[in-house]
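**Student:** Going down the list, the sequences are from chains A and B.
Going by our numbering, the letters in the first sequence line up with residues 1 to 345, in that order.
Going by our numbering, the letters in the second sequence line up with residues 1 to 53, in that order.
Backbone N, C-alpha and C define an ideal beta-carbon position, used for all residues, glycine too.
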Amino acid sequence: MFGITFLELVLFGQQFGLALAGAASLWGFVFILKGTRYHHGDTCVTFDWLARKLLYLLYAGAAIAILSWAVLLMAMPAYAHEGIVIVPELAERTAALKLTTPVFVAWMLLLLPLGLLSHVTPAQFHRRLTLFYAVHFAVILFLISIPAWTGSMSLRQFFFIGHSAHSIFTLGTVLVLDFLFLISKSSLHLKRHIYPLFPTISKVILVGLGIDFLSVALVFSEAIALTPKFFFMQTIVGILLINGSLLAGPLTRRLIAAAKSGSGKLGRRWEFLGDVAGTISITSWFTITFVDYFAELSLGYGGLLLIYACVLFAAIAVHLVWTRTHRDPVSEQLFAWHRSGGYTG
Amino acid sequence: MLRGFRLGEILIFLTGIFLLGSVWFIAETGDFTYWVAAKFAYLLGVVLFLFEK
Numbered sequence: 001m002f003g004i005t006f007l008e009l010v011l012f013g014q015q016f017g018l019a020l021a022g023a024a025s026l027w028g029f030v031f032i033l034k035g036t037r038y039h040h041g042d043t044c045v046t047f048d049w050l051a052r053k054l055l056y057l058l059y060a061g062a063a064i065a066i067l068s069w070a071v072l073l074m075a076m077p078a079y080a081h082e083g084i085v086i087v088p089e090l091a092e093r094t095a096a097l098k099l100t101t102p103v104f105v106a107w108m109l110l111l112l113p114l115g116l117l118s119h120v121t122p123a124q125f126h127r128r129l130t131l132f133y134a135v136h137f138a139v140i141l142f143l144i145s146i147p148a149w150t151g152s153m154s155l156r157q158f159f160f161i162g163h164s165a166h167s168i169f170t171l172g173t174v175l176v177l178d179f180l181f182l183i184s185k186s187s188l189h190l191k192r193h194i195y196p197l198f199p200t201i202s203k204v205i206l207v208g209l210g211i212d213f214l215s216v217a218l219v220f221s222e223a224i225a226l227t228p229k230f231f232f233m234q235t236i237v238g239i240l241l242i243n244g245s246l247l248a249g250p251l252t253r254r255l256i257a258a259a260k261s262g263s264g265k266l267g268r269r270w271e272f273l274g275d276v277a278g279t280i281s282i283t284s285w286f287t288i289t290f291v292d293y294f295a296e297l298s299l300g301y302g303g304l305l306l307i308y309a310c311v312l313f314a315a316i317a318v319h320l321v322w323t324r325t326h327r328d329p330v331s332e333q334l335f336a337w338h339r340s341g342g343y344t345g
Numbered sequence: 001m002l003r004g005f006r007l008g009e010i011l012i013f014l015t016g017i018f019l020l021g022s023v024w025f026i027a028e029t030g031d032f033t034y035w036v037a038a039k040f041a042y043l044l045g046v047v048l049f050l051f052e053k
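(1) Under 8 Å by Cβ, that's how I've got G115 (chain A) and Y59 (chain A) pegged, so tell me the actual separation to the nearest angstrom.
(2) For P199 (chain A) and chain B, any beta-carbon pair shorter than 7 Å?
(3) Examine chain A for any beta-carbon lying closer than 7 Å to the beta-carbon of T33 (chain B), and answer yes or no.
(4) By the 10 Å Cβ neighbour count, where 16 or more other Cβ atoms means buried, how is Q157 (chain A) classified, buried or exposed?
(5) For the alpha helix (DSSP H) containing L19 (chain B), list its first residue and its last residue.
(6) Exposed or buried, which one is H136 (chain A) when buried takes at least 16 other CB atoms within 10 Å?
(7) Within 10 angstroms of its Cβ, does F47 (chain A) collect 16 or more other Cβ (buried), or is it exposed?
(8) Helix, strand or coil, according to DSSP, for T121 (chain A) in the structure here?
(9) When DSSP labels each residue in this structure, what does L11 (chain A) get in the three-state scheme?
(10) My guess is that I144 (chain A) and L18 (chain A) are in contact by the Cβ rule of under 8 Å, so how many angstroms apart are they, rounded?
(11) Would you say Q234 (chain A) lies against chain B (beta-carbon separation less than 7 Å)?
(12) Quick one: which unbroken alpha helix (DSSP H) runs of 4-plus residues sit fully inside the region 133–188 of chain A? Chain order, please.
(13) Taking just the CA atoms, how far does G249 (chain A) sit from K13 (chain B)?
(14) Report yes if the C-beta distance between G208 (chain A) and F169 (chain A) is below 7 Å; otherwise report no.
(15) So with CB distances below 8 Å, who are the chain A contacts of T15 (chain B)?
(16) From R268 (chain A) to F181 (chain A), what does the alpha carbon distance come to, in whole angstroms?
(17) Is V10 (chain A) near L97 (chain A), with beta carbons less than 7 Å apart?
(18) Alpha helix (DSSP H) containing I40 (chain B): first to last residue?
(19) When burial is assigned at 16 or more other CB atoms within 10 Å of the CB, is G15 (chain A) buried or exposed?
(20) Does the Cβ of T289 (chain A) have 16 or more other Cβ atoms within 10 Å, making it buried, or fewer, making it exposed?
(21) Could you check whether the Cβ of F5 (chain B) sits closer than 7 Å to any Cβ belonging to chain A?
(22) Please determine, among A:I161, A:E92 and A:K53, the residue with the shortest C-alpha to C-alpha distance to L190 (chain A).
(23) Which residues in the same chain have their Cβ closer than 6 Å to the Cβ of G28 (chain A), if we skip the five residues on either side of it in sequence?
(24) Does E52 (chain B) have its Cβ less than 7 Å from a Cβ in chain A?
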């Protein structure tokens, strides 16, 4: 449908899963470090609690990535030998799959016992959470950096590395940011701890996009083709920049100010603006990562823009309804964690 | 309109508008000059944004 092939869809699944798991590892590691800086007390327990919450995102991302890798392992050789001419990019993808398969297997074998350990001996597991996140981040960074292997560290290979690995800092980090925003909605205590981190998280996202821009510059003449997809992607990047400057700047400062003093709530107008800007951000990052994986899209510029607009309006509607009706027990969970003193109290 | 923005954020905001214009310009003329300029302006905006308190 629309020129989308099954193989491209699975490759996107792998990229999405790795980006999510990689960003969860990165920010889990940061939160644990932030927690240990305070040793005891509220801040330490809260950041420990947040770091443990990110395990859900790590496991979700890992499940999607490993499932996609397993499908690729079965589907890729069939694709590679199909037809008379092997498309170079497919050959490069097959080479990358061969290169990353042992690491994928090791990662899978590592995840299962560690997942069990986190349930059987949670206190012991928690003491090693820094190492757990650090190792995961290193493994995932390697896996996501080799979406294709050219056989040498050429400019083309550096382009693949930059163009793929930036997803941890962009799409993955945006997902983590949205997750943190949503779980802090009903807790002023969490808002006071999480919101001051938003400027740093925004900086990582913007630097991630910069890494992509620089990687494209390495293979500029090869990478650019004036297709509807190119014009569409650049339009979305333009929207992302305008939206990102609003989200990372005035909106974040208002959120931090509201959390520091008073109830932590923004005015209705700013709250609505924040919800819309946040949804534009997540939808747009998802869209450009998704569309990037399909080489032969049959849709024109108008068609792509229409689908994007429909998805965006649907996402805004779902987000607004969800945030105004859903009350999660996050505060109660956090207070119970506080009463028990966490694992470090 | 740009009240409440800091220098790096203003540059990133304007880069977004400039990038949209440059895409239209590529469609009309096939010339990438403004598009490349927009990308470098973005990188400059990010550097400013990183060092702004």
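**Tutor:** The structure says:
(1) 7 Å
(2) no
(3) no
(4) buried
(5) L7 to T29
(6) buried
(7) By the 16-neighbour rule on beta-carbons within 10 angstroms, F47 (chain A) is buried.
(8) coil
(9) helix
(10) 4 Å
(11) yes
(12) Runs of the alpha helix (DSSP H) inside the region 133–188 of chain A: 155–167 and 173–183.
(13) Reading the sequence as shown, one finds Phe at residue 13 (chain B) and not Lys. Their backbone Cα atoms lie some 10 Å apart in a straight line.
(14) yes
(15) Under the 8 Å cutoff, chain A gives L241.
(16) Between R268 (chain A) and F181 (chain A), the C-alpha separation is close to 17 Å.
(17) Cβ atoms of V10 (chain A) and L97 (chain A): not closer than 7 Å.
(18) The identity of residue 40 (chain B) in the sequence shown is Phe, whereas the question assumes Ile. Residues T33 to F51.
(19) Per the sequence presented here, residue 15 (chain A) reads as Gln, with Gly not at that position. Looking at its Cβ environment, which holds 16 or more other Cβ atoms inside 10 Å, Q15 (chain A) is buried.
(20) buried
(21) Interface residue (Cβ-Cβ distance to chain A less than 7 Å): F5 (chain B) is classified as such.
(22) A:K53
(23) A51, L54 and Y133
(24) no
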